[in-house]
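Chains as they are written, first to last, in my numbering: chain B, 1 to 299; chain R, 1 to 299.
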């Protein structure tokens, strides 16, 4: 099944205890699409500035990712600067320059208006809604959000969530959105607000999948080396959605497996800066780590 | 197989967002033994003061727990006062009155010097060593420790750990003991210091079992209601050791199951103050939650 992702393509400047990198490839749609590209066909809707390096677009194309929906707007590319502490759960945003992303109003090219799966990465919920209006109802709609929209556009977000099959957010966002400290209560409260299911991403602590039909919990793949957690959540989503895109029928068993594939993809992403580690692996590496995870967790 | 536990029996005064309780039954040996008593025969070595309520000793006896090793010393019982924040991972010690526990020098009665399994709860590593000298080499030796001993008696602890099969500690202690922030690196570093295996208890985030032969990771049983996390770690240990005490042969599969039984026992303990919830359940409740956890985590 074809996947359409709407999100950001950005240039990140990142400092972690393991080094500092300037203007490296980042953005939610970037991490998502590269992760999903191991499993299926993905098209990106995003906007970049005239300064966006051609080699990065080339890199996406070479992975079979559709880039026709990436518009090159007048101005500069969205930039994010961040620093992680020794405990890399603690991130500090040093600067956010929205640049051309400020005026991002996604227009879906005609050829891309019939996706099987739609993933709306973290953007203004009004824009998420506007995308939905432009496409033929996909078989599966998933979305992400963030603290900023939960604070400033909660009503829009809640309205939009009624149309969503899988709502992905991290633990802090889940607590904020629901007003519940306990994550199981938070998951229950969120699903009562509209989405068919919610996925709470807990980073190194794993994931909770919660739907009215059933729940699934999994630890993260345990790593000895974490070099840069940027993009882990979007890479997770790319693995989940990518895996689901291969399924003939999306049932409980497939969803559980997709969560583990998402975790495995994220475990690779954080082992190096930007998408570097993802570019260095192949499907057998992913399957090997999946089998390893199965061994690590079975009882 | 018979289990001998050496640790504390105490009176706790606890404040959580769900209430405040004074002078309730606590202590590492208490939580451990009640948890393990669902699976096998446990004897306690501990000391209490003359003020220790008889009904608490009675309560332990009624569960088949051997209390002959609990000495009643002149003075007052060990007391701990603590307060938990809304995020119950954050605990504040308000007061610690060691009282008779200050001079605790465990003497093992002759009849108890041949345990199959020995669990040395969190006490001075020199005392842990002294207990080991008094008993015939058990089939399995497990122990816990805490930040205080890691700081003040690291050398004693390290020397002692060479004799230990399973070393249980929480994530903060594992980081402190190893000097490694990453828990997989911490686990590796700790096992290189002597114990055959290490169990890192991550509270609501689950558990890591690490030995030179293999590893196991599991999430915690997801709960909607956590009322008091006091004793969760010792209850976990009681479930692990209790389950192992029933095994004919302790192999990898049994160890994995024991970790899950430990998690399940801890999940009950935190649902109420003191040992109240543990006293209200029976083995079928435990097995039901175990089966539920299996369903929740399988993929």
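For glycine and all other residues, C-beta sits at the position ideal for the given N, C-alpha and C.
Residue 216/B sits in a strand when the DSSP states are folded into three classes.
With a threshold of 16 other beta carbon atoms within 10 Å, residue 87/B falls short and is exposed. Using a Cβ distance threshold of 8 Å, residue 207/B and residue 121/B do not count as a contacting pair. Against residue 206/B, the close residues of chain R are 205, 206, 219, in the order they occur along the chain (beta-carbon pairs closer than 8 Å).
Residue 38/B is a Cβ neighbour of residue 242/B, given a cutoff of 8 Å. Inside the segment 143 to 231 of chain B, DSSP marks whole beta strand (DSSP E) runs of 3 or more residues at positions 166 to 170, 197 to 201, 207 to 211, 215 to 218, from first to last along the chain.
A distance below 8 Å between beta-carbons, with the five flanking residues on each side excluded, links residue 173/B to the following residues of its chain, in chain order: 145, 146, 147, 150. Looking only at 51/R, 3/R, 255/R, 271/R, the smallest Cα-Cα distance to residue 114/R is reached by 3/R.
Contact check for residue 293/B against residue 278/B fails: the beta carbons are separated by 8 Å or more. Taking a C-beta distance under 8 Å as the contact criterion, residue 1/R and residue 139/R qualify as a contact pair. Separation of residue 15/R and residue 56/R (C-alpha to C-alpha, rounded to the nearest whole angstrom) is 21 Å. Distance from the CA atom of residue 134/R to the CA atom of residue 54/R, rounded to whole angstroms, is 28 Å.
Here residue 13/B is not near residue 27/B, since their CB atoms are 8 Å or more apart. When 8 Å is used as the limit between beta carbons, residue 185/B is near these residues of chain R: 224, in chain order.
Residues of chain R whose Cβ lies closer than 8 Å to the Cβ of residue 296/B are, in chain order, 215, 216, 217. The residue among 288/B, 282/B, 258/B, 128/B with its C-alpha nearest the C-alpha of residue 46/B is 128/B. Between residue 287/R and residue 234/R, the alpha-carbon positions lie close to 19 Å from each other. Residue environment for residue 289/B: buried (at least 16 other C-beta atoms within 10 angstroms of its C-beta).
Contact check for residue 44/R against residue 77/R fails: the beta carbons are separated by 8 Å or more.
Setting aside the 5 residues that flank it on each side, residue 204/R is surrounded in the same chain by 220, each with a C-beta closer than 6 Å to its C-beta; the list follows chain order.
About 11 Å separates the beta carbon of residue 81/B from that of residue 91/B, a gap too long to meet the 8 Å contact definition. Scanning its chain for C-beta atoms nearer than 6 Å, with the 5 sequence neighbours on each side dropped, one finds around residue 118/B the residues 4, 138, 141, in chain order. Minimum Cα-Cα distance from residue 162/B among the listed residues 124/B, 186/B, 132/B, 194/B corresponds to 194/B. Beta-bridge analysis with DSSP links residue 19/R to 16/R.
Between the alpha carbons of residue 261/R and residue 282/R lies a distance of about 13 Å. The C-beta of residue 182/R comes closer than 8 Å to at least one C-beta of chain B.
A straight-line Cα-Cα distance of about 10 Å links residue 199/R and residue 215/R.
For residue 79/R, there is no enclosing alpha helix (DSSP H); the residue is found in the beta strand (DSSP E) stretching over 79 to 84. Nearest CB-CB separation between residue 277/B and chain R: not below the 8 Å threshold.
In its chain, beyond the 5 residues on either side, 149, 153, 156, 157, 160 have a beta carbon closer than 6 Å to the beta carbon of residue 125/R. In this structure residue 182/B is buried. Its beta-carbon is surrounded by 16 or more other beta-carbon atoms within 10 angstroms. By a beta-carbon distance limit of 8 Å, residue 259/B contacts residue 218/B. Their separation comes to about 6 Å.
Per DSSP, residue 32/R is one residue of the alpha helix (DSSP H) stretching across 28 to 36.
Judged by beta-carbon spacing, residue 107/R lies beyond the 8 Å limit of residue 74/R, meaning their Cβ atoms are not closer than that value. Taking CB atoms only, residue 87/B has a neighbour in chain R less than 8 Å away. Taking the Cα positions, residue 209/R is about 15 Å away from residue 175/R.
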